[in-house]
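Shown next, in structure tokens, is the structure this report addresses.
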Amino acid sequence: MSFLSRPLAIVGVVGLGLVLASCGGGTESPTSTGGTTGTQAQAATAQANNSVIRGSVSYDGQIAEMAVLDMAADPVCNTFNQASPKRRQALVLGENRELANVIVMITEGLPSGQTYSVPTEPAVFTQSGCQYDPHVIVVRAGQPVRILNPDGTLHNVHVRPAINTEFNEAMPQFRAEITKTFDKAEPEPFPIQCDVHPWMNAYAAVSDHPYFAVTTTTGAFEIPNLPAGTYTVQVWHERLGKQTASVTVAEGATQEVAFTMTVPS
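Numbers in my numbering are just positions in the sequence shown, counted from 1, shifted up by 1128.
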């Protein structure tokens, strides 16, 4: 089945700003496990973690029409879809082929012997309009995840990780919110699906550090608050696979990197 689509036909289907705002982007400082303590350690940490890796992800390949979802099986969902037709999210592009729903993560090069504070602010994953939002989410290990059902119809959240515990939670009309936590890091993305509505699907990953981002239709990403060093930056897309790049960033500097993804042969 073709999964590509004309750019302007699919620009509006993703809203992943909250992922960048609340679930990643390297906004937390590491806690050193070395010998320096107190005010000196805090000052050293503040000085050392002032580098930025910034970049973009774009798509190079054939573009075909993306199917409008058929929600006729559920009258509530069908009403939502008639008011604002939704398309499959396997490939979501901006006006100039900027690629959305790409996980960008540091996979190698972070200093050893450090732990990172876990956000107490929950990540939010909703089932609004009978479609998961965001379509791709990254959360921290140990961070609470609020799962919402504002639709007034039965959904279920079937999460199938390889490392964390699988769960399948029914959310009927009267169950508008549940909270879950993934205890272990699981950077390899895993699927989420609704067994009631087969068109509903999403992907999640769990990180043990804050140095990640998820692109929107701008294709842009930024990973701040890094110590100077050489890092492996990995990008992942559900249909276009993975790419990596080695990026060296000096103290206090911003290093740019661009990725172009295409359909695997």
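Here a beta-carbon is modelled for each residue, glycine too, at the ideal position from N, C-alpha and C.
Range of the contiguous beta strand (DSSP E) that encloses Phe1340: Stepping through the sequence shown from its first residue, residue 1340 is reached at position 212. Taken as a continuous stretch (DSSP letters only), the beta strand (DSSP E) holding Phe1340 covers 1340-1342.
Residues sharing a beta bridge with His1365, DSSP: The residue labelled residue 1365 in the question sits at position 237 within the sequence shown. According to DSSP, which records beta bridges pairwise, His1365 is partnered with Gly1369.
Does DSSP put Thr1376 in a helix, in a strand, or in coil? Working through the sequence shown from its first residue, we reach residue 1376 at position 248. In this structure, Thr1376 counts as strand in the three-state DSSP scheme.
What are the start and end residues of each continuous beta strand (DSSP E) run of 3 or more residues lying completely inside the segment 1212-1239, in chain order? 1231-1236
Is the Cβ-Cβ distance between Val1264 and Asn1229 less than 8 Å? In the sequence shown, residue 1264 corresponds to position 136, counting from 1. In the sequence shown, residue 1229 corresponds to position 101, counting from 1. The answer is yes: Cβ separation under 8 Å.
Counting Cβ pairs, one atom from each stretch, are 3 or more of them under 8 Å apart for the segment 1245-1259 and the segment 1274-1281? yes
Measuring CB to CB, does Leu1354 end up less than 8 Å from Val1377? By one-based count along the sequence shown, residue 1354 stands at place 226. By one-based count along the sequence shown, residue 1377 stands at place 249. Going by C-beta atoms, Leu1354 is nearer than 8 Å to Val1377.
Which residues mark the beginning and the end of the beta strand (DSSP E) in which Lys1312 is found? The residue labelled residue 1312 in the question sits at position 184 within the sequence shown. Here Lys1312 belongs to no beta strand (DSSP E), and DSSP marks it neither H nor E.
Since Gln1271 and Ala1290 are thought to touch, with beta carbons under 8 Å apart, how far apart are those beta carbons, to the nearest angstrom? The count along the sequence shown starts at 1 and reaches residue 1271 at position 143. The count along the sequence shown starts at 1 and reaches residue 1290 at position 162. With 8 Å as the limit, Gln1271 and Ala1290 do not qualify as a contact, their Cβ atoms being about 19 Å apart.
With burial defined as no fewer than 16 other Cβ atoms inside 10 Å of the residue's Cβ, what is the status of Val1196: buried or exposed? The residue labelled residue 1196 in the question sits at position 68 within the sequence shown. Val1196 should be labelled exposed.
For Thr1293, which three-state DSSP category applies? Residue 1293 sits at position 165 when you count from the first residue of the sequence shown. The answer is coil: DSSP assigns Thr1293 none of H, G, I, E or B.
Which residues in the same chain as Gly1162 place their Cβ atom closer than 7 Å to its Cβ, once the five residues preceding and following it in sequence are excluded? Locating residue 1162 in the sequence shown gives position 34, counting from the first residue. Here the model assigns Gly1162 a pLDDT of 38, short of 50, so the residue's position is not dependable and the matter cannot be decided.
Based on Cα-Cα distance, which residue from Phe1310, Leu1276, Ser1212, Glu1316 lies nearest to Met1299? Numbered from 1 along the sequence shown, position 171 holds the residue referred to as residue 1299. Out of Phe1310, Leu1276, Ser1212, Glu1316, Leu1276 has the C-alpha closest to the C-alpha of Met1299.
Considering Gln1255, what are the terminal residues of the beta strand (DSSP E) in which it resides? Numbered from its first residue, the sequence shown carries residue 1255 at position 127. Run containing Gln1255: 1251-1255, per the beta strand (DSSP E) assignment.
Find out if the Cβ-Cβ distance for the pair Val1232, Thr1388 is shorter than 8 Å. Here residue 1232 refers to the residue found at position 104 when the sequence shown is read from its first residue. Here residue 1388 refers to the residue found at position 260 when the sequence shown is read from its first residue. Contact flag unset, no.
Pick from Gly1222, Gln1217, Pro1213 that is closest to Glu1187, judged by C-alpha positions: Position 59 of the sequence shown holds residue 1187. One point to set straight first is that residue 1187 is Tyr, not Glu, in the sequence displayed. The candidate whose alpha carbon is nearest that of Tyr1187 is Gly1222.
Taking Glu1297 and Tyr1331 to be in contact with their CB atoms under 8 Å, please state how far apart those CB atoms are, rounded to whole angstroms. For the purposes of this step, residue 1297 is identified with residue 169 of the sequence shown, where counting begins at 1. For the purposes of this step, residue 1331 is identified with residue 203 of the sequence shown, where counting begins at 1. About 17 Å separates the two Cβ atoms, so there is no contact after all.
Rounded separation between Ala1200 and Asn1206 - CA only: Walking along the sequence shown from the start, residue 1200 turns up at place 72. Walking along the sequence shown from the start, residue 1206 turns up at place 78. Rounded to the nearest angstrom, the two C-alpha atoms are 5 Å apart.
Skipping 5 residues on each side, what residues in its chain have a beta carbon closer than 7 Å to that of Val1385? Counting from one through the sequence shown, the residue named residue 1385 turns up at place 257. Closer than 7 Å at the Cβ level, and outside the excluded window around Val1385, lie Ile1181, Gly1183, Val1361, Ala1373, Val1375.
Note down, in chain order, each residue of its chain lying with its Cβ closer than 6 Å to the Cβ of Arg1225, except the 5 sequence neighbours on either side. Translated into positions along the sequence shown, residue 1225 becomes position 97. Ser1186, Tyr1187.
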